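Here's the structure, in structure tokens; my notes come after.
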Amino acid sequence: MVSFLPGRRRATWAGAATAGLATLALVVAPMAAANPIGEVHDFADGPQGWFSYGGTSSSSVDDGELCVVVPAGTTNPWDVAAQHDDVTLAADSPVTVSFRAHATADVSVNLRAGIGYPDDVSSSVALTSAPTDYSFTWTPGFSGTGNTSFQLGGQASDYTFCLDDFSISGDDELLGTTTFAGDTLPAGWSLPADWAVTSAAGDPAFCVAVPASAGQYDGLVYNGVPVEDGGNYALSFTASASNGATVRALVGENGGAYRTAYVANPALTAELASYDYPFTSSLAFPADEGAVGQVALQLGARGDYTFCVSEVSLRKTATPPPAYEPDTRSRVRVNQVGYLPQGPKRATVVTDAAAPVAWELHAAGGALVASGKAALAGTDPTSGLKVQTVDFSTVTAKGAGFTLVADGETSDPFAIKTDIYAQLRYDALNYFYPARSGIAIDAPGTVYDRPAGHVSGPDGAVNKGDLDVACLTAADDGASWSYGTWTCPAGYARDVVGGWYDAGDHGKYVVNGGIAVQQLLSTYERTLYATDAAKGALKDGTLEGPADESGNGVPDVLDEARWELEFFLAMQVPAGSGMTVSSTDSRSLDGMVHHKIHDVGWTGLGLLPSDDPQQRRLHRPSTAATLNVAATAAQGARLFEKYDKAFAAKLLAASRTAYTAALRVPDLYAPASAGANGGGPYDDTEVSDEFYWAAAELYLTTKSSTYKKDVEKSAHRTDDIWTEGGFNWGSTAALGRLDLATVPSDLRTQARTSVVAGAKKYLTWQKAQAFGTAYPGSNGTYDWGSNSMVVNNQVVLATAFDITRDKKFSRAVLESMDYLLGRNALNNSYVTGYGTQFSSHQHSRWMVPPPNGSLAGGPNSLRSTWDPVMNTLFPESNPCTPQRCYVDDIEAWSVNEITVNWNSALSWIASFVADQGAAPQPVAPKITKQPTSVSGALKAKVTLSAAASGVPAPTVRWQRRAPGATAWKDVRGATSTTLKVVMTRAEHRAGYRAVFTSSAGSATTATATVTLRKARPVITSQPKDVTVRSGARATFRVAYDAYPAAHVQWWAKKGKTWVKVPGARAQTLTVKVTGTSSKHYRVVVKSSQGQVTSRTAHVTIRR
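Everything in the sequence shown is counted per my numbering, starting at 783 for the first residue and increasing by one.
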């Protein structure tokens, strides 16, 4: 709601101050004594001091305009003029001159002001017959009182000049008193009456002791300030805080909705320093009636400290603040954390160069490591930048402090190491402990330590708490009431202490907590099934949490998830409650789950949960919240079964109850209008995806055919759920699909096929992104929470890798990390504590700064969803391209929020990429043993063997090339490193080779040839004895192998002598048997290598 620029501290008498939270240096002009012309000249009551001179000119006021008849024929422009005297200007004080004018002829005239040449300022005005608005900004180089005039002469023809709504405006102090000193508060200012003044008469600043008990809105206030919509202002003050407190400075309204035209949150120093904040207001506040305008420095709820101030000023200025332009530093954009040695390594160079630019990779000491040419990538539509891509993936050198130099610029330093993501695995998960409600936080260090929040009852002295919370009523919600005739039974209340605070406020929402707890559970569940998941990385004792959770034998990530699951159970309406949908809908809400709990009104920044003074209320149950509990409790039940059977049984019972209740009430939706007071709506009117997700989790846990049938009949089992924006708390079908693809069940095959197909879509989109992100945007925009969409799309890619072991998916995940960690249009890492420049002022009431590993929401180009900070940084006159619609400001909640469901996604993917670094790096197969050519005799078995190295270990298959052929064909079943070949004539001169394959590549051996060795023939089938009747024919057969070729000769025994059977040279012999014929036969097989004789076959004559 304001046109705002982060300000800078100015050096003061107390010593020079360094830059604070500013992203752009600003200069505020000195204040002029008064407006040069104190009112707008609209000529409603006459000429208002204006007159004309020169020649036969004349002037008059007609219809609210001053018009001058200008004669032709004068020599100089100044020979005829319209003039106003008594105009005072101050050196170096900008003024804005504005007016409306037209003329009966198209002429150009000169507008000037000053005390006489050369102490003049001027502008040329091109006039037409159409009344036109004009505005110019002048910065005089002189001081004094003179006049302003339109020099109208020197024209060839007569014409008439007309003027209206003329003004010259400069800086105008809006506060009656601006200086503070000694022991007396200046007139017009107020402070809490119980704050002790600590300064003395004669001190150059006014100081007070701010008690720790002070409320967050308590502070220094000046009421009755007029603020105009579209007006340009400069807020400045000089102040200090003995404890370096971050205070809240604002220009806003003192009442009503307490809207703000401008807000800043500077971190004060122990010495006086000055802060300047120019802005343009998009709101108007009156000075003397209703919710008047005010200037306030809100100082309370920041501990005991001394606050000093010597000056506060609010000036209405002539000059608007300059258009916001982020400081993006180097044009060479890299992953500021680093790259895995065997992973992809790409960078983006912002350059107008038409040809590929040269690049060099330097080690920390400056040594050249690699060099090359970038690839042209055109203009990136998401950033509007012309870019080129540097690919240095072949570099495997390890170390820290590498820099990339291209197009005359040097990147931020980065590492190439295997453990770059090792700590992020834990930091991303450690976000959740400080976000807990209902427990005192005792984290390492003291930054996030705080008392337990929201643990008292509704009558708590300060904090109203979540103990015995009643339901929201129409009286509580006023005009924002959205639940019709729903009410809770008399005396109904729930103890809902616990759970996680959702984001920057103190609300707790089941649907947002649902996807968050699912992703924490899945982060752990992945370790049970993924091949390269580090099995002990998430064991008990690995996270920062309460002492009693470390060493309890339960993985810490499950302990953390349990904190939210216990809260979910408490949000479930108990049996016999008597609660119904409404006074006209008698369906019972037993087993349904309250959608959310939060304050009845909004609170501001700098508020510990334990200091929240607002009443808390339960909101109406919803089908979406109920199904979130059905799904997550079912998943939790199967994971806790190993560690706490009783809790697992409790979760499963609650899940079944919730699912049954949702089937009974499938259409109770959270309305969008239920987000006006104290918390967001999380509205959702499409819950078929939640039904699918819940049925999937219940089936995976119970293997019940009932839930299996519900999964199979859901449209979400087969529909295309893989959209550009991925899944989120309102679109949860992917949660069911991903778990069906990874947790063993009868439904896994189809789900796996779907996940891989979805990942391929994301691969295609990602390849088109100049900055390597897995999120392509949606129809040319970046959505609210775009960084979570990046990460959730990475989850799909990573799951596809776990299923297929195909490195193209894991490499895509790693490259998309580059975008999050600095390879983007703003050269900013969106993960706190990671990189050279990272987001550190995310929107939160108490986690300031946010913990390391916190993911900022990220660019959001949807103007309709913007907060006041974004609207003022990027007005319609200064739009941002999607990837540049971001600022690291604590008040910029539409782009810079932190939430449990964004960090849960980061936790999942951080664990995955940590595993990629910890896992053995892939090495393409390399042949270590070649097969050798062999020979063998007929029917002999010869052995071929080969070997190869590689990571992962490659698989092998043997291929055969027939003699004289060129094509290779796989040998069926030949998948070991040895192959046995039985020698036949068909194998003579056949070729064999082994092909080794892994996800890292493949390698093929040389060809080994098998040949038949010459040898005497081998009989493979002997002639058999036969029995026939006399006069019948007897047949004998022989089979043999021979190389080289052999021939046969049958022999018959005559008495004691063997004689050849004439013509019997075939492998089959048929003879007629009589009483005098031979009864014994044999065959001789003979080749050049020798001969072999068969056994004797006998003929028996049947009687």
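Every residue, glycine too, gets a C-beta built ideally from N, C-alpha and C.
Since the structure is predicted, the reported quantities are computational estimates derived from the model, not experimental observations.
Within 8 Å, strictly: CB atoms of residue i and residue j
i     : j     : result
R1218 : D1600 : no
I1680 : A1343 : no
T919  : T878  : yes
V1830 : R1847 : yes
V1537 : A1582 : yes
T1042 : V1033 : yes
T1267 : G1373 : no
H1377 : G1460 : no
R1795 : S1869 : no
L945  : E847  : yes
W1684 : G1567 : yes
E1093 : T960  : yes
I1221 : D1231 : no
R894  : S931  : yes
Inter-residue spacing [alpha-carbon to alpha-carbon] between residue i and residue j
i     : j     : result
L1054 : P993  : 20 Å
F1184 : G1783 : 28 Å
S1513 : A1687 : 14 Å
W832  : G1166 : 50 Å
T1313 : T1563 : 37 Å
G1462 : E1506 : 24 Å
R1402 : K1589 : 47 Å
V979  : G952  : 36 Å
A1444 : V1669 : 41 Å
G1857 : D1823 : 35 Å
P913  : F881  : 10 Å
V1866 : S1780 : 54 Å
K1937 : K1485 : Residue coverage of the chain in this structure runs from 783 to 1885, which leaves residue 1937 outside it and unanswerable.
P1745 : T1766 : 12 Å
G1540 : R1519 : 11 Å
L1206 : T1614 : 10 Å
Close Cβ partners of residue i (< 7 Å) along its chain, the five nearest in sequence each way excluded
i     : result
A1674 : H1625, D1649, V1651, M1652
S1598 : Q1548, G1554, T1555, A1556, V1572, Q1576
T1714 : A1790
L973  : L967, V990, L1002
G797  : For G797, the predicted model reports a pLDDT of 26, less than 50, meaning its position is unreliable; a value from the coordinates is still stated below. Only E1053 meet the Cβ criterion.
L1302 : V1339, E1342, A1343, S1686, S1689
Min CB distance residue i to chain B below 8 Å
i     : result
G1461 : This model lacks chain B altogether, as it is built from one protein chain only.
Chain-order list of residues whose beta-carbon lies under 6 Å from that of residue i (same chain, five-residue window excluded)
i     : result
T800  : Summary for T800: the model assigns pLDDT 26, below 50, so the residue's position carries little reliability, and this model does not support an answer.
N1047 : T1028, R1030, I1672
F1349 : G1280, G1281
G1383 : Q1396, N1459, G1460
T1882 : T1809
R1884 : T1809, R1811
Close Cβ partners of residue i (< 8 Å) along its chain, the five nearest in sequence each way excluded
i    : result
C849 : S841, S842, V843, T942, F943, C944, L945
Distance cut-off 7 Å: residue i Cβ against heavy atoms of the ligand FMN
i    : result
R894 : Here there are no bound small molecules, and the ligand FMN is not part of this structure.
*asked:* I'd like to know if the stretch 921-938 and the stretch 851-865 are in contact, where contact means that at least 3 CB-CB pairs between them fall below 8 Å.
replied: Contact check between the stretch 921-938 and the stretch 851-865: three or more CB pairs, one atom from each, fall below 8 Å, which counts as touching.
*Report yes or no: do the stretch 1055-1074 and the stretch 1004-1016 share at least 3 C-beta pairs separated by less than 8 Å?*
Output reads yes: the stretch 1004-1016 touches the stretch 1055-1074.
_Which runs of the alpha helix (DSSP H) at least 4 residues long sit entirely within the stretch 1526-1587? Give them in chain order._
Look at the stretch 1526-1587 and you find these whole runs of alpha helix (DSSP H), each 4 residues long or longer: 1530-1549, 1568-1586.
_Inter-stretch contact (C-beta, 8 Å, three-pair minimum) for the stretch 1735-1744 and the stretch 1681-1697_ = Touching, no, given that fewer than three Cβ pairs across the two stretches are closer than 8 Å.
*Any contact of the stretch 1858-1874 with the stretch 1801-1820, i.e. 3+ C-beta pairs under 8 Å?*
Because the criterion of three Cβ pairs below 8 Å is met, the stretch 1858-1874 and the stretch 1801-1820 touch.
*When the Cβ atoms of the stretch 1664-1678 are set against those of the stretch 1196-1210, are three or more pairs found closer than 8 Å?*
The stretch 1664-1678 is not in contact with the stretch 1196-1210.
*Whole beta strand (DSSP E) runs in the stretch 1777-1805 with 3 or more residues, listed along the chain?*
Qualifying beta strand (DSSP E) stretches, in chain order: 1783-1786, 1790-1794, 1797-1803.
_Given 8 Å, three or more beta-carbon pairs between the stretch 1404-1415 and the stretch 1096-1116_ = Too few Cβ pairs lie closer than 8 Å, so no.
*Count the CB pairs spanning the stretch 1429-1447 and the stretch 1226-1243 that are closer than 8 Å, and state whether there are at least three.*
Taking 8 Å as the limit for Cβ pairs, the verdict is that the stretch 1226-1243 does not touch the stretch 1429-1447.
*Would you say the stretch 1756-1765 touches the stretch 1717-1731, given that touching needs at least three Cβ pairs under 8 Å?*
With the cut-off at 8 Å, the stretch 1756-1765 and the stretch 1717-1731 touch.
*asked:* I'd like to know if the stretch 1615-1635 and the stretch 1208-1218 are in contact, where contact means that at least 3 CB-CB pairs between them fall below 8 Å.
replied: Yes, the stretch 1615-1635 is in contact with the stretch 1208-1218.
*Indicate whether the contact test is met: 3 or more Cβ pairs, each with one atom in the stretch 871-891 and one in the stretch 1092-1101, closer than 8 Å.*
Output reads yes: the stretch 1092-1101 touches the stretch 871-891.
*Touching by the beta-carbon criterion (3+ pairs, under 8 Å), the stretch 1249-1257 and the stretch 1351-1359*: The stretch 1249-1257 makes no contact with the stretch 1351-1359; the number of CB pairs closer than 8 Å stays below 3.
*Segments of 3+ residues assigned as beta strand (DSSP E) that fall wholly inside the stretch 940-976*: If only complete runs of 3 or more residues are kept, the stretch 940-976 shows the beta strand (DSSP E) at 941-951, in order along the chain.
_the stretch 1130-1147 contacting the stretch 1159-1174, beta-carbon criterion three pairs below 8 Å_ = Short answer: they touch.
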